[in-house]
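Quick note on the UniProt record's numbering: the sequence shown kicks off at 1 and runs consecutively.
Virtual Cβ for every residue (Gly too), placed ideally from N, Cα, C.
Small disclaimer: the values here were computed from a predicted structure and weren't measured.
I have placed the structure first, in the form of structure tokens, so that the comments after it can refer back to it.
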Amino acid sequence: MSDQTPEPDVEQLTIWRNVLDALGQLNAAWENAVDSSAQDDGGAGALPSFPDELVVSLANAGEKGARALTGIARALDERSEHDFSEVVESQEDVEGRWESSRDRVSGPNAS
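Below you can see the structure in the form of structure tokens.
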């Protein structure tokens, strides 16, 4: 991290707030899916079911989400005074695994 990191401007703060909002929305949507599954299946901890037609779309979205989380981890590692290098390394591995899985279900040029 640079000792001379400039303060973010209003546009940058808005962009990062949008990222935080999107992550919050993703978490809320996932919790809703899990809650709905628990109600349908009659138990907590049930994984949501989905039609087979969504596999490709979910794999594409998962790969894009992993890529975004890798970028966030890199930004935290490079721009904060804290060490996020292990998160970056792990997230890069996760991103690669999502990409491989996405390629298997939809073809390598599907991003």
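For Asp52, there is no enclosing alpha helix (DSSP H), since its DSSP letter is neither H nor E. About 6 Å separates the beta carbon of Ser85 from that of Asp77, a gap short enough to meet the 8 Å contact definition.
Rounded to the nearest angstrom, the gap between the Cα atoms of His82 and Glu89 is 15 Å. Just so you know, the alpha carbons of Pro8 and Arg17 end up roughly 12 Å apart. By the criterion of at least three beta-carbon pairs nearer than 8 Å, the region 63-79 is in contact with the region 96-105. DSSP places Asp103 inside the alpha helix (DSSP H), whose first and last residues are Ser85 to Ser106. Spanning the alpha carbons of Val56 and Val105 requires a straight line of approximately 6 Å.
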